Amino acid sequence: MSVLEIKNLHVNVETDQGTREILRGVDLVINEGEIHAIMGPNGSGKSTLAYTIAGHPKYTVVEGEILLDGENVLEMSVDERARAGLFLAMQYPVEIPGVTVTNFLRTAKTAIDGEAPSVRHWVKDVRTAMGNLKMDSAFAERNVNEGFSGGEKKRNEILQLELLKPKFAVLDETDSGLDVDALKIVSEGVNRAKENTGLGILLITHYTRILRYIKPDFVHVFVAGKIAEQGGPELADRLEEEGYDRYQVAEPASAE
Amino acid sequence: MTVATQSTAMPTAGQHGLVAHSDGPVVPVQTRSERFRSVDVADFAPVTGREHEWKLSPVAAFADLTSGELDGARLGLETAGAEGVAVEWIARDDARIGTAGTPEERASANAWTSFGEALLIRVTGEDDKIATVTRTGLGSTPRGAHTVIEAAPNSRGLVVLAGTGSARLSENVEVIVGEGANLTVVSVQEWDDDAVHLASHFARIGRDAKLKHIVVSLGGKVVRVNPSTHLAEQGGDVEALGLYFSDAGQHLEQQVYVHHDAPNTRSRVTYKGALQGEGARSVWIGDVLIGNAAVGTDSYEQNRNLVLSDGTRADSIPNLEIETGNIAGAGHASATGRFDDEQLFYLMARGITEEEARRLVVRGFLNEIVQQIGVAELEERLTAALEAELQGA
Ligand SMILES: Nc1ncnc2c1ncn2[C@@H]1O[C@H](COP(=O)(O)OP(=O)(O)OP(=O)(O)O)[C@@H](O)[C@H]1O
Ligand SMILES: [Mg+2]
Chain A
1 MSVLEIKNLH VNVETDQGTR EILRGVDLVI NEGEIHAIMG PNGSGKSTLA YTIAGHPKYT
61 VVEGEILLDG ENVLEMSVDE RARAGLFLAM QYPVEIPGVT VTNFLRTAKT AIDGEAPSVR
121 HWVKDVRTAM GNLKMDSAFA ERNVNEGFSG GEKKRNEILQ LELLKPKFAV LDETDSGLDV
181 DALKIVSEGV NRAKENTGLG ILLITHYTRI LRYIKPDFVH VFVAGKIAEQ GGPELADRLE
241 EEGYDRYQVA EPASAE
Chain B
1001 MTVATQSTAM PTAGQHGLVA HSDGPVVPVQ TRSERFRSVD VADFAPVTGR EHEWKLSPVA
1061 AFADLTSGEL DGARLGLETA GAEGVAVEWI ARDDARIGTA GTPEERASAN AWTSFGEALL
1121 IRVTGEDDKI ATVTRTGLGS TPRGAHTVIE AAPNSRGLVV LAGTGSARLS ENVEVIVGEG
1181 ANLTVVSVQE WDDDAVHLAS HFARIGRDAK LKHIVVSLGG KVVRVNPSTH LAEQGGDVEA
1241 LGLYFSDAGQ HLEQQVYVHH DAPNTRSRVT YKGALQGEGA RSVWIGDVLI GNAAVGTDSY
1301 EQNRNLVLSD GTRADSIPNL EIETGNIAGA GHASATGRFD DEQLFYLMAR GITEEEARRL
1361 VVRGFLNEIV QQIGVAELEE RLTAALEAEL QGA
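Chain order of the listed sequences is A and B.
Going by this note's numbering, the residue at position 77 of the first sequence is 77; the numbering climbs one at a time, nothing skipped.
Here this note's numbering = 1-based position in the second sequence + 1000.
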């Protein structure tokens, strides 16, 4: 039984104006197979949490812990975290010049598994996964994310999720910018990954519509760098109706 | 039409395509074919660095080659021959010398004025074959040299012209591709860190002949290889490829010129380079001239640069001059992209180590050219050399 624990996490970012405190004591436990949705206003620190879990060098952890099955994640480099079973589907996936999707996927799979996948199965797996996500096979020979539309980039993230089979995935606004059909296709991909591998999911979103397809076990309201309230799926509906006003968003962290 | 893109850090991309009749002839700043030419160094004024052909080069680093006396003695060679490829020294007055081109700048003319004998590499016979001529141990003496690579009519072959060790060399290489011949010339610069190498290649392509010309520049302080191709007869075809990896303090330059001067000729120019380290510098200028006689021309040129660190500069300047409206197609593209920390993070977030991530990106980018060399052994060696460059070796 895998578990990802985040304890009293405080994170700063260095800006031109000096150090800014963004996460102010986040506590969260995600067990294998659980889906946790995080909702919160712009600038509240959701992506910061996602990047910090993945190990982005811009963010400095000043206090607290992240543990994966008891192992100290904060001591691991970015690639070690991925090999340990963490995955981040990015809000803004990056374009990689000169590297085709095929080459990238094979290299990543080899790195994660510690050995090259068997050619025959791998080619078939990639083709099936792309088919399921309704990605044209031509994407395989294109450079990673280069010239992809917003929706295509998000599908490419889920393609990697399905093929790399992590233990825990953070999905940072994977639903943003998707049309209705794409939202369904992508959600099915996430659900498949969960069924196949017992994936634990941290789903960051602004909208309840994705929660109709990916059913959360828990909903957390994220405000000013920490979790302001937790509840079940009904909390998401309430947020949609009432917004974040009652959490006094206007006051601290976000300087936007 | 003249399009210039220059980049220091931020990615740029420019694309432009033309098909026949979509655009009228364009009057360029100076028609490339009308540039001054001479084999005599005395006909050129001393180099100031402001001349259009020198303005992006570190001219002070090689004043000895543009204006000093050059030793024109035979160069030290290591030859790996092949049946059907003769390598010999020929006299200055050999009739072949001067048939493929004439110097357009002073370093080239200085070499021409200075060389004693020319090296002839002559390819005959229709079988595929590979010969390698490596110039090595040239030391610190400023030298001038002349090479003629001649492919007999209907012959086929691949000639690797390599350079290793230290050197201060200015040279001209004439490439004469006979009617119906199919020749590949690979010029590989793997000089020592302090070397300066200035080369002008002049190719003349005969009727229905094909030249694949590949410039690979990895080692040397200043390496400037400028290949000109004269598509002088109907049906001629040139594929001009280039690959460079410029690291800290290195200047790698190539001024590529293709002159379409006969009906139904074709050219493809593709140069790709990577830059890494403080002061790494590359220059690519691609001139394509489609002359009046060159109806049915099919031409495309592109340069792509991959910037791997701060402190580098890549100049990339395509120029296209079209004197006839009746062409099949002409276009160019130039782009400088950056491999940055966000890309590195993305790859590492998928489990790939930093070292592997860089290798993946650079290999992916440069492989397109490496794969076209056509000598398995050399391809492997260059792949390894590129990876060594990456690690700052
Ligand atoms: N690298 C950085 N430099 C400066 N400020 C940053 C940096 N990264 C995050 N911030 C600031 O930290 C705060 C939280 O940003 P974050 O991206 O985590 O918010 P978010 O909750 O994901 O917002 P959104 O809903 O808009 O995606 C914002 O005020 C943001 O401007
Ligand atoms: Mg965000």
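No residue lacks a Cβ here, since even glycine has one placed at the ideal position from N, Cα and C.
Computed from a prediction, not measured in an experiment: that's the story for all the values here.
### Message
With three or more C-beta pairs closer than 8 Å as the rule, is the region 1273-1284 of chain B touching the region 1306-1321 of chain B?
### Response
Short answer: they touch.
#### Entry: Start and end residues, alpha helix (DSSP H) containing residue 161 of chain A
The count along the first sequence starts at 1 and reaches residue 161 of chain A at position 161. Element bounds for residue 161 of chain A: 150-164.
### Task
To the nearest angstrom, report how far apart residue 1055 of chain B and residue 174 of chain A are at their CA atoms.
Counting from 1 along the second sequence, the entry for residue 1055 of chain B is found at position 55. Counting from 1 along the first sequence, the entry for residue 174 of chain A is found at position 174. Annotation: residue 1055 of chain B to residue 174 of chain A spans about 50 Å, alpha carbon to alpha carbon.
#### Entry: Per-residue DSSP class, three states only, for residue 213 of chain A
Stepping through the first sequence from its first residue, residue 213 of chain A is reached at position 213. Coil at residue 213 of chain A, not helix or strand.
### Task
Identify the continuous beta strand (DSSP E) that holds residue 226 of chain A and give its terminal residues.
In the first sequence, the residue the question calls residue 226 of chain A occupies position 226. Bounds of the beta strand (DSSP E) holding residue 226 of chain A are 226-231.
#### Entry: Per DSSP, cross-strand counterpart(s) of residue 1298 of chain B
Residue mapping note: residue 1298 of chain B aligns to position 298 of the second sequence, counting from 1. Answer by DSSP bridge pairing, in chain order: B/1266 and B/1329.
### Query
Can you tell me where the beta strand (DSSP E) with residue 1371 of chain B in it begins and where it stops?
Position 371 of the second sequence, counted from the first residue, corresponds to residue 1371 of chain B. Note, residue 1371 of chain B: premise wrong, no beta strand (DSSP E); not H, not E.
#### Entry: Inter-residue spacing [alpha-carbon to alpha-carbon] between residue 1299 of chain B and residue 18 of chain A
Translated into positions along the second sequence, residue 1299 of chain B becomes position 299. Translated into positions along the first sequence, residue 18 of chain A becomes position 18. Taking the straight line from one Cα to the other gives about 53 Å.
### Task
Return yes when the C-beta of residue 210 of chain A is under 8 Å from any heavy atom of ligand 2, and no when it is not.
The residue given as residue 210 of chain A occupies position 210 in the first sequence. With a threshold of 8 Å, the Cβ atom of residue 210 of chain A does not count as near ligand 2, since no heavy atom of the ligand is closer than that.
### Task
Taking only beta-carbon positions, decide if residue 1362 of chain B is within less than 9 Å of chain A.
Position 362 of the second sequence, counting from 1, holds the residue named residue 1362 of chain B. With 9 Å as the cut-off, residue 1362 of chain B counts as an interface residue toward chain A.
### Query
Between which two residues does the alpha helix (DSSP H) harbouring residue 1314 of chain B extend?
Taking the first residue of the second sequence as 1, we reach residue 1314 of chain B at position 314. Taken as a continuous stretch (DSSP letters only), residue 1314 of chain B belongs to no alpha helix (DSSP H), being part of the beta strand (DSSP E) at 1313-1322.
#### Entry: Completely contained alpha helix (DSSP H) runs for the region 1057-1113 of chain B, where each covers 4 or more residues
Secondary structure within the region 1057-1113 of chain B: the alpha helix (DSSP H) runs of 4 or more consecutive residues, fully enclosed, are 1063-1067 (chain order).
### Query
Hey, how far is the Cα of residue 127 of chain A from the Cα of residue 137 of chain A?
In the first sequence, the residue the question calls residue 127 of chain A occupies position 127. In the first sequence, the residue the question calls residue 137 of chain A occupies position 137. Their Cα atoms are separated by approximately 7 Å.
### Collapsed DSSP secondary structure at residue 47 of chain A in the structure displayed
Taking the first residue of the first sequence as position 1, residue 47 of chain A is located at position 47. Reduced to three states, the DSSP call for residue 47 of chain A is helix.
### Message
Taking 6 Å as the limit between beta carbons, can you name the residues of its chain near residue 170 of chain A, skipping five residues before and five after?
### Response
Position 170 of the first sequence, counted from the start, is the residue given in the question as residue 170 of chain A. Non-local C-beta neighbours of residue 170 of chain A in its own chain, meaning closer than 6 Å and more than five positions away in sequence, comprise 50, 53, 88 and 202, ordered along the chain.
### Query
Quick one: what does DSSP say residue 1038 of chain B is sitting in, helix, strand or coil?
Here residue 1038 of chain B refers to the residue found at position 38 when the second sequence is read from its first residue. Three-state DSSP puts residue 1038 of chain B in coil, outside helix and strand.
### Message
Give me the chain B residues within the contact set of residue 79 of chain A, using Cβ-Cβ distance strictly less than 9 Å, ordered along the chain.
### Response
Along the first sequence, one-based indexing puts residue 79 of chain A at 79. The CB of residue 79 of chain A comes closer than 9 Å to the CB of 1347, 1348, 1349, 1350, 1351, 1352, 1353, 1354, 1356 and 1357 in chain B, given here in chain order.
### Message
In the DSSP output, what is residue 1276 of chain B paired with across the bridge?
### Response
The sequence position of residue 1276 of chain B within the second sequence is 276, counting from 1. Under DSSP, residue 1276 of chain B shares a beta bridge with B/1247.
### Exposure of residue 253 of chain A, with buried meaning 16 or more beta-carbon neighbours within 10 Å
On the first sequence, residue 253 of chain A is found 253 positions in, with the first residue counted as 1. For residue 253 of chain A, the predicted model reports a pLDDT of 47, less than 50, meaning its position is unreliable; a value from the coordinates is still stated below. It counts as buried.
### Query
So residue 78 of chain A and residue 12 of chain A are in contact, right, with Cβ under 8 Å, and what is the actual spacing, rounded?
To locate residue 78 of chain A, count along the first sequence from 1; it is residue 78. To locate residue 12 of chain A, count along the first sequence from 1; it is residue 12. Contact check for residue 78 of chain A and residue 12 of chain A: beta-carbon distance about 18 Å, past the 8 Å limit, so the pair fails to qualify.
### Task
Please report how far the alpha carbon of residue 1193 of chain B lies from the alpha carbon of residue 1165 of chain B, in whole angstroms.
Within the second sequence, the letter at position 193 stands for residue 1193 of chain B. Within the second sequence, the letter at position 165 stands for residue 1165 of chain B. Residue 1193 of chain B and residue 1165 of chain B have their C-alpha atoms spaced approximately 9 Å apart.
### Message
Please list the terminal residues of the continuous alpha helix (DSSP H) segment that includes residue 269 of chain A.
### Response
What the structure shows of chain A is the stretch from 1 to 256, and residue 269 of chain A is not part of that stretch, so it cannot be assessed.
### Task
State the Cα-Cα distance for the pair residue 195 of chain A and residue 225 of chain A, rounded to the nearest angstrom.
Within the first sequence, numbered from 1, the residue matching residue 195 of chain A stands at position 195. Within the first sequence, numbered from 1, the residue matching residue 225 of chain A stands at position 225. Near 31 Å, if we compare the C-alpha coordinates of residue 225 of chain A and residue 195 of chain A.
### Task
Determine the extent of the beta strand (DSSP E) in which residue 1173 of chain B is found, giving its start and end residues.
Residue mapping note: residue 1173 of chain B aligns to position 173 of the second sequence, counting from 1. Segment 1168-1177, the beta strand (DSSP E) holding residue 1173 of chain B.
### Query
Residues with a Cβ closer than 7 Å to any heavy atom of ligand 2, in chain order?
Result (chain order): A/46, A/47, A/91, A/172, A/173 and A/204.
### Message
Between residue 240 of chain A and chain B, is the shortest Cβ-Cβ distance under 9 Å, so that the two count as touching?
### Response
In the first sequence, the residue the question calls residue 240 of chain A occupies position 240. Look at residue 240 of chain A: its C-beta is not under 9 Å from any C-beta on chain B.
### Message
Using 8 Å as the cut-off, can you tell me whether the region 28-45 of chain A makes contact with the region 203-210 of chain A, which would need three or more C-beta pairs spanning the two stretches below that distance?
### Response
A contact is defined here as three or more CB-CB pairs under 8 Å, and the region 28-45 of chain A meets this definition with respect to the region 203-210 of chain A.
#### Entry: Residue of B/1252, B/1324, B/1266 and B/1155 minimising C-alpha distance to residue 1190 of chain B
Stepping through the second sequence from its first residue, residue 1190 of chain B is reached at position 190. Shortest Cα-Cα distance from residue 1190 of chain B to any of B/1252, B/1324, B/1266 and B/1155 involves B/1252.
### Query
Taking the alpha carbon of residue 1352 of chain B as the point to measure from, which residue in A/8, A/83 and A/10 has its own alpha carbon closest?
Position 352 of the second sequence, counted from the first residue, corresponds to residue 1352 of chain B. Shortest Cα-Cα distance from residue 1352 of chain B to any of A/8, A/83 and A/10 involves A/83.
### Message
Out of A/199, A/32, A/120 and A/154, which one is the CA nearest neighbour of residue 184 of chain A?
### Response
The sequence position of residue 184 of chain A within the first sequence is 184, counting from 1. Nearest of A/199, A/32, A/120 and A/154 to residue 184 of chain A, Cα basis: A/154.
### Query
Would residue 1198 of chain B pass as a contact of residue 1115 of chain B if the rule is Cβ separation under 9 Å?
Taking the first residue of the second sequence as 1, we reach residue 1198 of chain B at position 198. Taking the first residue of the second sequence as 1, we reach residue 1115 of chain B at position 115. Taking 9 Å as the Cβ cut-off, residue 1198 of chain B and residue 1115 of chain B do not qualify as a contacting pair.
### Task
Would you decide whether residue 1306 of chain B is buried or exposed? Buried here means 16 or more other CB atoms lie within 10 Å of its CB.
One-based indexing of the second sequence puts residue 1306 of chain B at position 306. Burial check for residue 1306 of chain B: the Cβ neighbour count within 10 Å reaches 16 or more, so the residue is buried.
### Task
Please list, in chain order, all residues of the same chain as residue 1182 of chain B whose beta carbon is under 6 Å from its beta carbon, the five residues on each side excluded.
Working through the second sequence from its first residue, we reach residue 1182 of chain B at position 182. Non-local C-beta neighbours of residue 1182 of chain B in its own chain, meaning closer than 6 Å and more than five positions away in sequence, comprise 1156 and 1210, ordered along the chain.
### Query
Could you check where the beta strand (DSSP E) with residue 61 of chain A kicks off and where it finishes?
Indexing the first sequence from 1 puts residue 61 of chain A at position 61. According to the DSSP assignment, residue 61 of chain A belongs to the beta strand (DSSP E) that extends over 59-68.
### Query
Among the residues of its own chain, which have a CB less than 7 Å from the CB of residue 1110 of chain B, if the five just before and after it don't count?
The residue given as residue 1110 of chain B occupies position 110 in the second sequence. Same-chain partners within the cutoff: 1041, 1065, 1066, 1070, 1144 and 1170.
### Query
Quick one, are the C-beta atoms of residue 1074 of chain B and residue 1089 of chain B less than 9 Å apart?
In the second sequence, the residue the question calls residue 1074 of chain B occupies position 74. In the second sequence, the residue the question calls residue 1089 of chain B occupies position 89. Their beta carbons are under 9 Å apart, which means residue 1074 of chain B touches residue 1089 of chain B by this criterion.
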